[in-house]
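> Before we start, here is the structure in question, set down as structure tokens.
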Amino acid sequence: VVPEIELAQNQRVCPRCDYHFAQSAKERIENLLDPDTFVEMDADLRSVDILRFQGMASYKDRLKKYQESTGLFDAVISGHGILDGYKVAIAVMDFDFLAATMGSVVGERITRAIEYGTAEHSPVIIVAASGGARMYEGMLSLMQMAKTAGALARHAQEQLPYISILTNPTTAGVMASFASLGDVIIAEPKSMIGFAGPRVIKETTHQDLPERFQTAEFLQEHGLIDMIVHRKKMREQISRLLSYFAVAP
Numbered sequence: 501v502v503p504e505i506e507l508a509q510n511q512r513v514c515p516r517c518d519y520h521f522a523q524s525a526k527e528r529i530e531n532l533l534d535p536d537t538f539v540e541m542d543a544d545l546r547s548v549d550i551l552r553f554q555g556m557a558s559y560k561d562r563l564k565k566y567q568e569s570t571g572l573f574d575a576v577i578s579g580h581g582i583l584d585g586y587k588v589a590i591a592v593m594d595f596d597f598l599a600a601t602m603g604s605v606v607g608e609r610i611t612r613a614i615e616y617g618t619a620e621h622s623p624v625i626i627v628a629a630s631g632g633a634r635m636y637e638g639m640l641s642l643m644q645m646a647k648t649a650g651a652l653a654r655h656a657q658e659q660l661p662y663i664s665i666l667t668n669p670t671t672a673g674v675m676a677s678f679a680s681l682g683d684v685i686i687a688e689p690k691s692m693i694g695f696a697g698p699r700v701i702k703e704t705t706h707q708d709l710p711e712r713f714q715t716a717e718f719l720q721e722h723g724l725i726d727m728i729v730h731r732k733k734m735r736e737q738i739s740r741l742l743s744y745f746a747v748a749p
């Protein structure tokens, strides 16, 4: 058993087994950016229950529940700040909010962060963690895949870098859109990364899956991600990458 205070002091990495526990979006921003440099953008955007979705609980009730439990208004925090002297646009997803599913607000905030980076000629950093598209918003959620990808295409046309950081888990529509489009794709150790879950794939193909399938290590071995970086070395590695991209501080 590791005391909570010890985990917090170690960026929520177990000091005994090196397991990377989930971090909140706010914790990740604090660990990545220079102190007191982060400026949040679009914090006033709110999800709307346009479909009047009803299940075990209404979408409106679910939003209220997670807003109260996390202190967030949706599953991503976006803005801009300084990383080791480099100005960056950044968006960080928080899995504790509805499994960081991507609805209209998540997609819009990520898109606006990308567009800010493009307008300011700054690198874009996105830290992904998600269960996929938000079913409560139907087609509106699926459209966010195209919208975020389009914004990244325009960013790339300006020859500006985008660094994608995949954390545990990054799956489904998020992995099939902006999360897999980085100029450099980084993953935290042992993260689950993929589209459909292993059980769904096995039931569909009727085949056994390879050992360690959909782990960061498996994906790196097969060329789908560029590197695996320990959380405590992430800031240093991103700073090094920004220097390679000849980004002006």
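Residues 501 to 749 in the numbering used here are what the sequence shown spells out, letter by letter. All C-beta atoms, glycine included, are put in the ideal place defined by N, C-alpha and C.
For the alpha helix (DSSP H) that Met639 lies in, which residues bound it at each end?
Counting along the chain, the alpha helix (DSSP H) containing Met639 begins and ends at Met639 to Gln657.
> Taking C-alpha atoms, which residue in Leu507, Pro535 and His580 lies nearest to Asp518?
Comparing Cα positions, the closest option is Leu507.
> Identify the continuous alpha helix (DSSP H) that holds Ala716 and give its terminal residues.
Segment Ala716 to Glu721, the alpha helix (DSSP H) holding Ala716.
> Which full runs of the beta strand (DSSP E) of 3+ residues lie inside the region 542-614, going along the chain?
The qualifying runs are 576-583 and 586-593.
> Name the residue from Arg735, Asp561 and Ala575 whose alpha carbon lies nearest to the alpha carbon of Ser604.
Checking every option, the nearest Cα to that of Ser604 belongs to Ala575.
> Would you decide whether Gln523 is buried or exposed? Buried here means 16 or more other CB atoms lie within 10 Å of its CB.
Result: buried.
> Assign Thr671 to one of three DSSP states: helix, strand, or coil.
Of the three classes helix, strand and coil, the one that applies to Thr671 here is coil, per DSSP.
> What residues are listed by DSSP as bridge partners for Ile663?
Bridge partners of Ile663: Ile625 and Val684.
> Under DSSP, the alpha helix (DSSP H) around Lys702 begins and ends at which residues?
Looking at the DSSP string, the run of the alpha helix (DSSP H) that includes Lys702 is Pro698 to Thr705.
> Less than 7 Å between C-beta atoms, sequence neighbours within five positions excluded: which residues of the same chain meet that for Ile685?
Closer than 7 Å at the Cβ level, and outside the excluded window around Ile685, lie Ser664, Leu666, Ile725 and Asp726.
> When the Cα of Gly555 is compared with those of Ser547, Leu533 and Glu637, which residue comes out closest?
It is Glu637 whose Cα lies nearest to the Cα of Gly555.
> DSSP three-state label for Ala525, please.
Note: Ala525 maps to helix in three-state DSSP.
> Please report how far the alpha carbon of His520 lies from the alpha carbon of Glu717, in whole angstroms.
In a straight line, the C-alpha of His520 is about 14 Å away from that of Glu717.
> Would you tell me roughly how many angstroms separate the C-alpha atoms of His580 and Arg609, rounded to the nearest one?
Answer to the nearest angstrom: the Cα atoms are 12 Å apart.
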